[in-house]
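Asker: If you're matching them up, the sequences are chains A, B, C and D in order.
Last residue of the first sequence: 362 in numbering that gives the first Met the number 0, with the numbers rising by one and none dropped.
Last residue of the second sequence: 362 in numbering that gives the first Met the number 0, with the numbers rising by one and none dropped.
Last residue of the third sequence: 362 in numbering that gives the first Met the number 0, with the numbers rising by one and none dropped.
Last residue of the fourth sequence: 362 in numbering that gives the first Met the number 0, with the numbers rising by one and none dropped.
No residue lacks a Cβ here, since even glycine has one placed at the ideal position from N, Cα and C.
Everything numeric in this text was worked out from a predicted model, so none of it was measured.
Take this structure first; my questions come after.
4 protein chains.
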Amino acid sequence: MAGNTLGTLFKLTTFGESHGLALGGIIDGCPAGLEIDFDFIKSELQRRKPGQSHIVTQRKEEDEVEFLSGIYEGKTTGTSIGFIIRNEDQKSKDYNHNTNVYRPSHADYTYDTKYGIRDHRGGGRSSARETACRVVAGAIAKLILKKDGIQVHAYVSQVAHIKLKKKYSELDLSKTDSNIVRCPDAETAEAMISLIEETRKAGDTVGGIITCVCKGVHAGLGEPVFDKLHADLGKAMLSINAVKGFEYGAGFDSIHKKGSELNDLFETKDGKVITSTNNSGGIQGGITNGMDIYCNVAFKPVATIMQEQATIDSAGEATSIHGKGRHDPCVLPRAVPIVESMAALVLLDHILRNKTTKLNELF
Amino acid sequence: MAGNTLGTLFKLTTFGESHGLALGGIIDGCPAGLEIDFDFIKSELQRRKPGQSHIVTQRKEEDEVEFLSGIYEGKTTGTSIGFIIRNEDQKSKDYNHNTNVYRPSHADYTYDTKYGIRDHRGGGRSSARETACRVVAGAIAKLILKKDGIQVHAYVSQVAHIKLKKKYSELDLSKTDSNIVRCPDAETAEAMISLIEETRKAGDTVGGIITCVCKGVHAGLGEPVFDKLHADLGKAMLSINAVKGFEYGAGFDSIHKKGSELNDLFETKDGKVITSTNNSGGIQGGITNGMDIYCNVAFKPVATIMQEQATIDSAGEATSIHGKGRHDPCVLPRAVPIVESMAALVLLDHILRNKTTKLNELF
Amino acid sequence: MAGNTLGTLFKLTTFGESHGLALGGIIDGCPAGLEIDFDFIKSELQRRKPGQSHIVTQRKEEDEVEFLSGIYEGKTTGTSIGFIIRNEDQKSKDYNHNTNVYRPSHADYTYDTKYGIRDHRGGGRSSARETACRVVAGAIAKLILKKDGIQVHAYVSQVAHIKLKKKYSELDLSKTDSNIVRCPDAETAEAMISLIEETRKAGDTVGGIITCVCKGVHAGLGEPVFDKLHADLGKAMLSINAVKGFEYGAGFDSIHKKGSELNDLFETKDGKVITSTNNSGGIQGGITNGMDIYCNVAFKPVATIMQEQATIDSAGEATSIHGKGRHDPCVLPRAVPIVESMAALVLLDHILRNKTTKLNELF
Amino acid sequence: MAGNTLGTLFKLTTFGESHGLALGGIIDGCPAGLEIDFDFIKSELQRRKPGQSHIVTQRKEEDEVEFLSGIYEGKTTGTSIGFIIRNEDQKSKDYNHNTNVYRPSHADYTYDTKYGIRDHRGGGRSSARETACRVVAGAIAKLILKKDGIQVHAYVSQVAHIKLKKKYSELDLSKTDSNIVRCPDAETAEAMISLIEETRKAGDTVGGIITCVCKGVHAGLGEPVFDKLHADLGKAMLSINAVKGFEYGAGFDSIHKKGSELNDLFETKDGKVITSTNNSGGIQGGITNGMDIYCNVAFKPVATIMQEQATIDSAGEATSIHGKGRHDPCVLPRAVPIVESMAALVLLDHILRNKTTKLNELF
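Take a look at the structure:
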């Protein structure tokens, strides 16, 4: 029970179904005195919004957030911030056909089994629409991280077999949003877009990888032993719809190297401790070391396809289903701000948690 | 602060440094009336214990657990279970050489930066010795899971480039412990052992992958939206020392398939709902669907190598370090029971959490 | 930080200021399948509502709750329940005079000092208007408790020096709402009402005691050692605005008896274990014993009075303030449903927590 | 389940039964760099220890604490602090007579009902012996509070009908430990001691009140709306064995005053904001205002008496019981350090929580 909260000190609790009256959330633990940049929050929501380009779902959802509390005269007051996003385009009829049919690789069957009841419209609570609330909170977290000199960048680094060859350090991450697929390399982006277009025409879907990079994070964030920074980061990413894998630093590739090859040697540069390589991904023993954090998040292809699929209904009888409505052939372009939001939420929470670590900084 | 607790209802809180007086923990929320199989707990600890074979560290640690509370006349009483494991073989002098030197890719620098003070002996709290406590709690969790018909199996599926070709479903998982590397395929195991032997001779280390399979898990476990079962599972695995990546079901390979290829079609078999494939790894929308859960956990090579490495000391001055003492050339054989323990802890916690989901099952 | 959540398994998180756009909350962990009695929730809100009689504040707040999620076709779905209550009667001008003036015994100074910023209108987050959200969640909790045969009754047992002489067991608790002060004894009620009328005319305020009785609670609720049932109950009550004290069972009067007089002797009656007296208030060692739970909650007089009071402004300069607007001369009649709500929330949370206590009831 | 933890950032989790091998706990979240004054911890334990005078139980328990982790070379390292207290004087035979008999007003029946099993020896987990762990953690908390200029004083202010007439501000609190009953007024102390002596001779027990005063607490501690400082303080006190009531500031007496009499008027004195009276007990709106915090904690008479009492056994059959062994005729003298410990734990936790409140103090 009660799994709708993320965070320890900067806490986000959310609610809302895809086709209910509204989604929303409560941010508890936001420091007082933050000037809210409402335009920035809006722009972040627009990066996640359906209908933003021809390679994503054409659903129309304005995703306008309404803040109800915790902000006074444009500044946070330190009290809980309540917000809602009304559902405007509730074409539930698109979902009438699947009232009792379990869509393959969706959460229909599992919700039905767990709860004995479910709001079937658009996936209800299991819909990725829920992530809009994460973007709202993530945007506020980013505003605070900026005060601490931290930048969070995510981008699409792979779509199906089309893989961005360059490392994050070879890329101009400011170009991520210069194309609709959100890959900072123009050439690769083009190939990705073509593939997604083809996939959509075939009524199919593709997955891929989003890489996330956090720069400017100072050393010392993360808590031993269970709340290691990368463990909390991993959990946050894995909680995003359609995510199947997470790795940080050298990740799964670590196994192709020997210890002598993988170890990051310490050195001092301009009076600052750095490592000559960064296979650790900025995290050692679960605690940041001041180097860039980077990680990969694997998304499976969207489960809803415009093809006939065999399945069963809630009575266990064989039937089939054919996707209707307006769905994403590839969810990655819209997932970039979500990945950034999750990173920002985790980082900020750990920054706050780390504020009470050293006695001599307290009194 | 305060990251030494795992779980919501079945909670494990641990303490202890590698070379302090003792490690230990408190299990809170263990149901009352469980008969404790002390031999089983002991045998699980022995699977993790140093010195169990020639391919692991030759340190001598008996890892005898002493239960101090919560068990009366062999049965759990429902109150908190306190336990300790004394540190017997405290050869701290092996670590005298690195009092002020930051070992590459270890947590020395990050702990020092975070806390301003650290117990440098054997890595202190960042030592993998801490995982002994996880195995104690994991063993108790397994005893309970058995009552629910659940089995948790982990095995080494890859060491460096030597990869077990067969899927878990093609293996006899009861053979995992029949060899010292804990790979259920004899031939692959032999190759892995040879590689580890070579690596040790070279004073180097290698990493690999442990696959974990959970059978007999009924549908309905996992909590939307942040505490999805695989998110909690991922966090638990990522919190193990040296882990760099986690994937479940089709994992990162999902991106090489189209939605039409990856989707798991539902069918009814012998009156039970199953999916014809299981790319979902038994979890859909974060909730179990009754199929096997399987996941991969990537371990990097152990950071301590028997070679000279450049580094710095706590004053920032360049120096070098050469591993001493008795270390693992490959941590995977000993990590198998740890991975199983983390899976067991997460599953049990979610089983308990799921007990209050349906009103008509409550009253 | 982050103190806006109550409960472990049945969790209420709230937001909202007195004169912001809306108040609201999220209930997480509500079991699935509960038929929501919207009329009952409305009636509970009306018991708390301003303007319900001439002895309470004459502010007009309709307190209409809008449920945004977690309920589908009239039943809870097990997902988080979001709800809001719009603020309609935002006469903030009543508060313009105290923008920079610290009202005596209010939270103006403490909020200002803690946060460096505050929404001064109507007390902002510190306003008792926040308790409307508790009543919404409490009403839902009551609906579930009813399924378990539990009844929660609160009533006004003392206003200033006018004290209800009878014990709860001598009263007909169904008569509590038969008068506007919510004291089940008609005669005492009349005296209380007269006193409140006089007090209001004098521009002053009075406090008193609300007694709360929970019947039908089975044995076994409450968790040692910190989450004893009465400890959680006490915290919940003390978190209500204006509450200064809490006692349960014989309470403070226990000290006037010897152990031999106070001890409750066990006996068996009709096959059921009971105690011949109930000085324990239904709780022994922090765990319910099946007898009635009863407790007293002390409310101080409302701080806002219609008289001139000396105080200081935010610059520390001496000034004075005179209450304006529409305030309660005595908050107790409206606090009865709040006290009941807190009791219901705590009881339900502990019922859910207790569901995983015994192994043999789990599998 | 899982109620053995107190605190949010400074967390104490405990284990241990009265007659098991050991009690102990884990302190998680203790700031790094605190020099541990082991003598102070020992002296605090001695204030709670049995056998310290002729008016308390004559059991012999040395209560020697052994720290197992989290402290290196005398200083806290920021990692979890594990500690144990061995049970040395396990005269369980004193309890053989009550294996199946429910002692009146003890937790035997409720534990049995809740768990279906219990360690009956000496009350098992429900024994007040558990509070030794609170004193260990409380002593560490006090060491930190001292750095912040905070002092926590508790004293016995009432035993049965013998009431200390003076307010805390009229007393010399440094004299509390100058007599065995821990009442800072010599004359009253004498009367209390006589009463306890008489009571003991009669084989009976008496209760009373402990007053707790916290000085030097700066403004701003406490979190709206559920984690108000006095709510957390109340919960902590109510979780102590035998406590039946809690009040702070004017407490229950508030109801005998009008708002105009009770309100604390603000004024500026020597550049500091103070209130001319302090009926608020240093807490307004749940947040400290810089004035002294004071509260009363009511303890019932100890349930174990040296007299025959009627009761039932676990089969429900009528029987009787007569207290044996060495018990406290009055628990208050030994409860003084426990009350102080709970106050210290709550204050420190809220100090840490308050460290992330204001944005401009973070970056």
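Of the residues B/Phe225, B/Ser259, B/Val180, which one's Cα is nearest the Cα of B/Ile208?
Answerer: Cα-wise, what sits closest to B/Ile208 is B/Val180.
Asker: Is it the case that the Cβ atoms of A/Gly32 and C/Gly115 are separated by a distance below 8 Å?
Answerer: Cβ atoms of A/Gly32 and C/Gly115: closer than 8 Å.
Asker: For the beta strand (DSSP E) that B/Asp27 lies in, which residues bound it at each end?
Answerer: It spans 21–27 - the beta strand (DSSP E) in which B/Asp27 sits, taken as one unbroken run.
Asker: Taking a cut of 9 Å between CB atoms, which residues from the region 140–152 of chain C lie near chain B?
Answerer: Within the region 140–152 of chain C, the qualifying residues are Ile143, Lys146, Asp147, Gly148.
Asker: Which of the three DSSP states, helix, strand or coil, is assigned to A/Ile283?
Answerer: Correcting the residue identity first, residue 283 of chain A is Gln in this sequence and not Ile. Strand.
Asker: Helix, strand or coil, according to DSSP, for D/Asp312 in the structure here?
Answerer: In the structure shown, D/Asp312 sits in a strand (DSSP, three-state: E or B).
Asker: Look up D/Lys165 in the DSSP assignment and say whether it is helix, strand or coil.
Answerer: The answer is coil: DSSP assigns D/Lys165 none of H, G, I, E or B.
Asker: What's the C-alpha gap between D/Met191 and C/His18?
Answerer: Going by the C-alpha atoms only, they are around 53 Å apart.
Asker: Name, going along the chain, the residues of the region 6–26 of chain A whose beta-carbon falls closer than 9 Å to a beta-carbon of chain C.
Answerer: Of all residues in the region 6–26 of chain A, Gly6, Thr7, Leu8, Phe9, Lys10, Thr12, Thr13, Phe14, Gly15, Glu16, Gly19, Leu20, Ala21, Leu22, Gly23, Gly24, Ile25, Ile26 have a Cβ within less than 9 Å of some Cβ in chain C.
Asker: If you compare alpha carbons, which of C/Asp348, C/Glu266, C/Glu16, C/Ala297 is closest to C/Gly122?
Answerer: Comparing Cα positions, the closest option is C/Glu16.
Asker: Is DSSP giving B/Gln157 helix, strand or coil here?
Answerer: In the structure shown, B/Gln157 sits in a strand (DSSP, three-state: E or B).
Asker: Taking the CB atoms as reference points, tell me whether B/Ala136 and B/Leu344 lie closer together than 8 Å.
Answerer: Contact: yes.
Asker: Are A/Gly285 and B/Asp226 touching if we call contact CB-CB under 8 Å?
Answerer: Not in contact: A/Gly285 and B/Asp226 (Cβ atoms no closer than 8 Å).
Asker: Counting C-beta neighbours from all protein chains within 10 Å, is the total for D/Gln308 16 or more, i.e. buried, or is it exposed?
Answerer: When all chains shown are included, D/Gln308 counts as buried.
Asker: Considering only C-alpha positions, which residue in the set C/Leu20, C/Gly281, C/Lys299, C/Leu142 is nearest to C/Cys211?
Answerer: Cα-wise, what sits closest to C/Cys211 is C/Gly281.
Asker: Using only the alpha-carbon positions, how far apart do B/His53 and B/His160 sit?
Answerer: Taking the straight line from one Cα to the other gives about 21 Å.
Asker: Quick one: does D/Thr112 have its CB under 8 Å from some CB of chain B?
Answerer: So no, D/Thr112 is outside the interface.
Asker: Which residues, in order along the region 328–357 of chain A, keep a beta-carbon less than 7 Å from a beta-carbon of chain D?
Answerer: Under the 7 Å Cβ criterion, the region 328–357 of chain A contributes Leu351, Lys354, Thr355, Thr356, Lys357.
Asker: Is there a C-beta anywhere in chain A that falls below 8 Å from the one on C/Thr4?
Answerer: Output row for C/Thr4: interface = yes.
Asker: Where do the N-terminal and C-terminal ends of the beta strand (DSSP E) with C/Val180 fall, by residue?
Answerer: Run containing C/Val180: none; DSSP gives neither H nor E here.
Asker: Where in the region 300–345 of chain D do unbroken runs of the beta strand (DSSP E), each at least 3 residues long, occur, reported from the N-terminal end onward?
Answerer: The qualifying runs are 307–311, 317–321.
Asker: In or out: B/Asp38 buried (at least 16 other Cβ within 10 Å) or exposed?
Answerer: Classification of B/Asp38: exposed, given that the 10 Å Cβ count is below 16.
Asker: Nearest to A/Ser126 by alpha carbon, out of A/Met290, A/Lys268, A/Thr13?
Answerer: Out of A/Met290, A/Lys268, A/Thr13, A/Thr13 has the C-alpha closest to the C-alpha of A/Ser126.
Asker: When the cut-off is 8 Å and only beta carbons count, does A/Pro103 lie next to chain D?
Answerer: Not closer than 8 Å to any Cβ of chain D, the Cβ of A/Pro103 fails to qualify, so no.
Asker: Taking 8 Å as the CB-CB cut-off, is B/Tyr71 touching chain D?
Answerer: Yes, contact with chain D.
Asker: From C/Ala297 to D/Leu358, what does the alpha carbon distance come to, in whole angstroms?
Answerer: Rounded to whole angstroms, C/Ala297 to D/Leu358 spans 36 Å at the Cα level.
Asker: Give a yes or no on whether the minimum CB-CB distance between C/Ile54 and chain D is below 8 Å.
Answerer: Chain D, which has no Cβ nearer than 8 Å to the Cβ of C/Ile54, makes this no.
Asker: Is the distance from the Cβ of D/Glu129 to the Cβ of D/Leu22 below 8 Å?
Answerer: In this structure, D/Leu22 lies closer than 8 Å to D/Glu129 by Cβ.
Asker: Contact between the region 313–331 of chain B and the region 269–280 of chain B is defined here as three or more beta-carbon pairs at a separation below 8 Å; is this criterion met?
Answerer: Cβ pair count under 8 Å is below three, so no.
Asker: What are the boundary residues of the beta strand (DSSP E) that C/Phe66 is part of?
Answerer: 64–66 is the span of the beta strand (DSSP E), which, as asked, contains C/Phe66.
Asker: Closer than 7 Å by beta-carbon distance: list the chain B residues that pair up with A/Asp62, in chain order.
Answerer: None at all; the shortest Cβ gap to chain B is about 17 Å.
Asker: According to the neighbour-count rule (16 or more other Cβ atoms, all chains shown, within 10 Å of its Cβ), is A/Gln45 buried or exposed?
Answerer: Label assigned to A/Gln45: exposed.
Asker: Could you confirm whether any beta carbon from chain B is found closer than 8 Å to the beta carbon of A/Ile304?
Answerer: Output row for A/Ile304: interface = yes.
Asker: Suppose contacts are defined by Cβ-Cβ distances below 8 Å. Is D/Ile35 in contact with D/Gly73 by that definition?
Answerer: Cβ distance < 8 Å, so D/Ile35 and D/Gly73 count as in contact.
Asker: Considering only residues of the same chain and omitting the five flanking positions on each side of D/Thr318, which have a CB-CB separation below 7 Å?
Answerer: Taken in chain order, the residues that qualify are Val100, Thr310, Ile311, Asp312.
Asker: At the 8 Å Cβ level, is B/Pro30 part of the contact set with chain A, yes or no?
Answerer: False, the Cβ-Cβ gap to chain A never drops below 8 Å.
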